[in-house]
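Presented below is the structure to which this report refers.
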Amino acid sequence: MRSSKHAPQGASIGMALVVLLAMLTALDAMAIDMYLPGMPAIGLEFDISAGEVQQTLAIFLIGLAFGQGLYGPLLDSYGRRVPLLAGVLLFVLGSIVAALAPSIEWLMAARFLQALGAAAGLVAPRAIVADRCNVNESARIFSVLMQVMMLAPILAPVLGGYLLQHGGWRSIFWALAALGMIGVLWGLRSLPETLPAASRAPLRLRAIFSAYGRQLVAPVFMAYVLAGGFVLGALFTYISGAPFVFTQHYGLDPQQFSYLFASNAVCLVLFGAAANAMLKRGASEQRGMYIGLVLHTLAGAGLWLAAGSLALPLWGYAALLALAIGSLGLVFGNLTALTMAHAGPQAGLASALMGMLQYLLSAVVGYVVSFAGTPLLSLPATVAICGGLAILCCLAAEGMRSRARAAASAGGA
19 MRSSKHAPQG
29 ASIGMALVVL
39 LAMLTALDAM
49 AIDMYLPGMP
59 AIGLEFDISA
69 GEVQQTLAIF
79 LIGLAFGQGL
89 YGPLLDSYGR
99 RVPLLAGVLL
109 FVLGSIVAAL
119 APSIEWLMAA
129 RFLQALGAAA
139 GLVAPRAIVA
149 DRCNVNESAR
159 IFSVLMQVMM
169 LAPILAPVLG
179 GYLLQHGGWR
189 SIFWALAALG
199 MIGVLWGLRS
209 LPETLPAASR
219 APLRLRAIFS
229 AYGRQLVAPV
239 FMAYVLAGGF
249 VLGALFTYIS
259 GAPFVFTQHY
269 GLDPQQFSYL
279 FASNAVCLVL
289 FGAAANAMLK
299 RGASEQRGMY
309 IGLVLHTLAG
319 AGLWLAAGSL
329 ALPLWGYAAL
339 LALAIGSLGL
349 VFGNLTALTM
359 AHAGPQAGLA
369 SALMGMLQYL
379 LSAVVGYVVS
389 FAGTPLLSLP
399 ATVAICGGLA
409 ILCCLAAEGM
419 RSRARAAASA
429 GGA
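Numbering of the sequence shown is given in this note's numbering, commencing with residue 19 and proceeding in unit increments.
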């Protein structure tokens, strides 16, 4: 095992490390998307209702939100490497317990452990990138991370269905354990420590709550966090609503829908590649982000109006939705980089708070949308409204940044 390597801020991040970080970040998506095809089989084996099986997904999401808040202080106190690898080991343990679960109660406990572990993969990579890169470099890295991560929703349902068919639902969790173990072994060999001991914060509850409080009243940071929460709310509304739109309204079978779902993930990857190309040509993070948000909002609004007033054919609905979702590839990397650029000295804690608040806000969006009627209209309406709110939040952040710079210039004069 290699010893930890300390990397100075501004050092470049190689593609091998980007792929490793993307793999660890994607553990939560793999644990959700691979497992969904096996839910009916789990219900049959344990003789429980569909609602009880769905609780295993709900408890996973709860663990994911709780875990992100837990890892923030740990990352700032013990460095990035050890908490991240410990979290992935916890994910492996949870996957093994899930594969051996003798009852639904054991499976729920295992899913919670899985989520606590997977949360480390969401928080730590953002902090590692923030440690090493300036905002422009961070935006490029986050765009590449998004492109690699989007392989998860493309491949996971297909892989989960194959494992279910040939090995039963428990084989899905054995595969997740193996994936996590690959991440641990790769990380032990290649993952650097990017937070020097001199920069670490002591793990004291009063200091932790004080740091969280400072981040909560940091206006530019919070404006970008809210923007990200609205964008995630639109994305999760798409994930939950699209199956009903395309299978119930347009009559696609599950296999056909999986291809459509994968094609939208490909659109995200392509737009993410475009974001990276723009940054390499010298475009600002704000430019790519605003182009993506405007496309996202206009496509959602156009689809909302068209679906409400016309008998929109399948290809028309699918094309506008692909544009609305794909354009987020221009947003995610740039918005994450801008958010973390205003995180202050404790990037791990800020990354945790960012993830926790954005997941909570997206959950609120999903809860409100559940009362909005048919997904045929509520899905594009949510995309348009959330996109517009995200734009307003980003404009507010830019305004506060400009006023702060003007005040600093006046004070210096």
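All C-beta atoms, glycine included, are put in the ideal place defined by N, C-alpha and C. The structure presented is a predicted model; accordingly, all values stated were derived computationally and were not measured.
For residue i, the three-state DSSP class (helix, strand or coil)
i: Arg222; result: coil
i: Tyr268; result: coil
i: Phe84; result: helix
i: Ala336; result: helix
i: Gln274; result: helix
i: Pro143; result: helix
i: Pro363; result: coil
i: Cys432; result: Outside the shown range of the chain, which is 19 to 431, sits residue 432, and nothing can be said about it.
i: Ile50; result: helix
i: Asn152; result: coil
i: Pro101; result: helix
i: Phe389; result: coil
i: Ser67; result: coil
i: Gly186; result: coil
i: Ile77; result: helix
i: Ile31; result: coil
i: Ser369; result: helix
i: Val110; result: helix
i: Ser396; result: helix
i: Pro455; result: This structure cannot settle anything about residue 455, because the visible part of the chain is limited to 19 through 431.
i: Arg423; result: helix
i: Val249; result: helix
i: Val115; result: helix
i: Val238; result: helix
i: Val36; result: helix
i: Val349; result: coil
i: Leu92; result: helix
i: Ile44; result: Inspection of the sequence shows that residue 44 is occupied by Ala rather than by Ile. DSSP places Ala44 in coil when its eight states are reduced to three.
i: Glu416; result: helix
Rounded distance between the beta-carbons of residue j and residue i, thought under 8 Å
i: Ser115; j: Gly201; result: For clarity, residue 115 is Val in the given sequence; the question names Ser instead. In fact, because the Cβ distance is near 18 Å, the residues do not count as touching under 8 Å.
i: Leu194; j: Ser113; result: 4 Å
i: Asp94; j: Gly366; result: 4 Å
i: Val153; j: Glu303; result: 6 Å
i: Leu311; j: Val349; result: 6 Å
i: Ala415; j: Tyr242; result: 5 Å
i: Gly90; j: Leu395; result: Incorrect: roughly 38 Å between the Cβ atoms, too far for contact.
i: Gln364; j: Ala215; result: 15 Å between Cβ atoms; not a contact.
i: Leu102; j: Ala138; result: 5 Å
i: Met374; j: Gln132; result: No, Met374 and Gln132 are not in contact; Cβ-Cβ is about 18 Å, not under 8 Å.
i: Thr74; j: Leu108; result: Going by Cβ atoms, the distance from Thr74 to Leu108 rounds to 17 Å, so no, they are not a contact pair.
i: Ala117; j: Phe191; result: 4 Å
Heavy atom of the ligand ATP within 6 Å of residue i beta-carbon
i: Tyr230; result: Only the bare structure without any ligand can be found here, which leaves the ligand ATP out of the picture.
Open item on the list: Does the structure place the stretch 373 to 389 close enough to the stretch 244 to 260 that three or more beta carbon pairs sit under 8 Å?
Closed with: Result yes; three or more Cβ-Cβ pairs closer than 8 Å.
- [ ] Please go through the stretch 282 to 340 and give each complete alpha helix (DSSP H) segment of 4 or more residues, from N-terminal end onward.
- [x] DSSP runs (the alpha helix (DSSP H)) wholly in the stretch 282 to 340: 303 to 327.
Task: Cβ contact check for the stretch 51 to 63 and the stretch 138 to 146: 3 or more pairs under 8 Å - done: Fewer than three pairs of CB atoms, one per stretch, sit closer than 8 Å, so the stretch 51 to 63 makes no contact with the stretch 138 to 146.
Open item on the list: Between the stretch 336 to 351 and the stretch 304 to 317, can you find at least three pairs of beta-carbon atoms closer than 8 Å?
Closed with: Yes, the stretch 304 to 317 touches the stretch 336 to 351.
Open item on the list: With three or more C-beta pairs closer than 8 Å as the rule, is the stretch 203 to 219 touching the stretch 94 to 103?
Closed with: Enough Cβ pairs lie closer than 8 Å, so yes.
Open item on the list: Contact between the stretch 229 to 245 and the stretch 169 to 181 is defined here as three or more beta-carbon pairs at a separation below 8 Å; is this criterion met?
Closed with: Put simply, the stretch 229 to 245 does not touch the stretch 169 to 181. Fewer than three CB pairs are less than 8 Å apart.
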